[in-house]
Amino acid sequence: GESVGLHLPTLSVQEGDNSIINCAYSNSASDYFIWYKQESGKGPQFIIDIRSNMDKRQGQRVTVLLNKTVKHLSLQIAATQPGDSAVYFCLGGKLIFGQGTELSVKP
Amino acid sequence: EPEVTQTPSHQVTQMGQEVILRCVPISNHLYFYWYRQILGQKVEFLVSFYNNEISEKSEIFDDQFSVERPDGSNFTLKIRSTKLEDSAMYFCASSQGGGNIQYFGAGTRLSVL
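These protein sequence lines are chains A and B, in that order. The numbering used here applies: residue 1 is where the first sequence begins, and numbers increase by one. The numbering used here applies: residue 1001 is where the second sequence begins, and numbers increase by one.
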């Protein structure tokens, strides 16, 4: 079945730096991938999605890259801010949440 | 910006009591969902609901759970006889279509004593 998972449980970056959160998937059947973030005490919040026929998609300060050859996708956050501190999830079309990557932004 | 709203934000109940968690999905959405998140653990899917019936449910969603859309705006999750292990955050979500992005509410923290 579909399996999508993040590489690192935690990531710490300095405020103002760019963040890259990596994710791998094992089933090519998913036709799109979605990134969510969850801040402490809040519900998951949609960030950006990408269809499998795309390589790149940009949003506000975020870019998602999809490499279908190696079944890898990444979320890049430009100029990371303290408000970006959260747990980030990459998911296939079926929303199965893993443990996520906890991003900590140091001031 | 439209959002999913959940009430109450925190519900405390005694073991064995019935609880009803309430959600108001985004108004033009047709698919509704419940998830739960036990403290420190993953967000787990419970159930999806479309066209006034359950479209999918997980193993967690046993006979103690039920969902209802009692009117045109509310979507509820009922737990008939709460157990200690039902203590968790419960998130409601909605989407326009079944394969579309789901938008989550802020959650209801259920504490079973």
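For glycine and all other residues, C-beta sits at the position ideal for the given N, C-alpha and C.
- In the three-state scheme derived from DSSP, where H, G and I count as helix and E and B as strand, B:Leu-1084 is classed as helix.
- Of the residues B:Val-1112, B:Tyr-1090 and B:Ser-1073, the one whose Cα lies closest to the Cα of B:Asn-1028 is B:Ser-1073.
- Taking the Cβ atoms as the reference, A:Lys-42 lies roughly 6 Å from B:Ala-1106, within the contact range of under 8 Å.
- For the pair A:Leu-8 and B:Ile-1026, the Cα-to-Cα distance works out to about 33 Å.
- Secondary structure note for B:Ser-1048: its beta strand (DSSP E) is the uninterrupted segment 1043-1050.
- The stretch 1003-1010 of chain B makes no contact with the stretch 77-97 of chain A: fewer than 3 CB pairs, one atom from each, lie closer than 8 Å.
- For A:Gly-92, the three-state secondary structure derived from DSSP is coil.
- For B:Ser-1066 against B:Lys-1078, the beta-carbon gap comes to about 5 Å, under 8 Å, which counts as contact.
- When CB distances to chain B are screened at a threshold of 9 Å, the residues of the stretch 43-72 of chain A falling below it are Gly-43, Pro-44, Gln-45, Phe-46 and Asp-49, in chain order.
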